[in-house]
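K.L.:
Got a structure for you, written out below as structure tokens; questions coming shortly.
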Amino acid sequence: MARTELPDKIETERLVLRVRTVADAEDIFDYASLPEVAYPAGYGIVVKGTDKIVGSVDFNHRHEDDVLEIGYTLHPDYWGRGYVPEAACALIDLAFKDLGLHKIELTCFGYNLQSQRVAEKLGFTLEARIRDRKDAQGNCCDDLRYAFLKSEWEVI
């Protein structure tokens, strides 16, 4: 299937669906920070001594059995400095100790070696390799599923 360019705007009877812009940031934050919308809302990664957000770490998916999936992004200028593992570690610790979760999952594509290294550095276990999936650009690749149990975290 070829990649299709999506329109900038779609209209329905009551709605306009449009590409988000920087001007929408405050509106997005207003709803995305609510606990009933995002669990929890997530955090911007800020290097101490600056006030610049260089990435984010959050639980981007909540499964019905109270298993959270952790996700992160980081500006490429800050790759290789250990910021993502440090940020993810803090959020995982909070999830196990304060939220009482028993499992956290992490997914990444097989070509994303940086995310694989983060998962391995944190002690996640590779539970599944879903072969021949397509990423957002339509490229075929493996989808890797990692997990971390609370009982494993308590040992660290």
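Residues in the sequence shown are numbered consecutively from 1, following UniProt numbering. Backbone N, C-alpha and C fix where the C-beta goes; we use that ideal spot for every residue, glycine too.
#1: In chain order, which continuous runs of the beta strand (DSSP E) of length 3 or greater are located wholly inside the UniProt domain "N-acetyltransferase" (1-151)?
#2: Excluding the five sequence neighbours on either side, which residues of its own chain have a C-beta within less than 6 Å of the C-beta of residue 145, listed in chain order?
#3: How many whole angstroms separate the CB atoms of residue 53 and residue 87, which I take to be in contact at a CB cut-off of 8 Å?
#4: Using the rule of at least 16 other Cβ atoms within 10 Å of the residue's Cβ for burial, across every protein chain shown, is residue 101 buried or exposed?
#5: My assumption, with CB atoms under 8 Å, is that residue 43 sits in contact with residue 56. Please give the rounded CB distance.
#6: Considering Cα atoms alone, identify which of 72, 83, 27 is closest to residue 48.
#7: Within this structure, are the beta carbons of residue 147 and residue 103 separated by less than 7 Å?
P.N.:
Quick answer:
#1: 9-11, 16-18, 43-46, 53-62, 68-74, 103-109, 125-134, 140-149
#2: 107, 127, 128
#3: That pair is no contact at about 11 Å.
#4: buried
#5: 7 Å
#6: Among 72, 83, 27, the Cα nearest to that of residue 48 belongs to 83.
#7: yes
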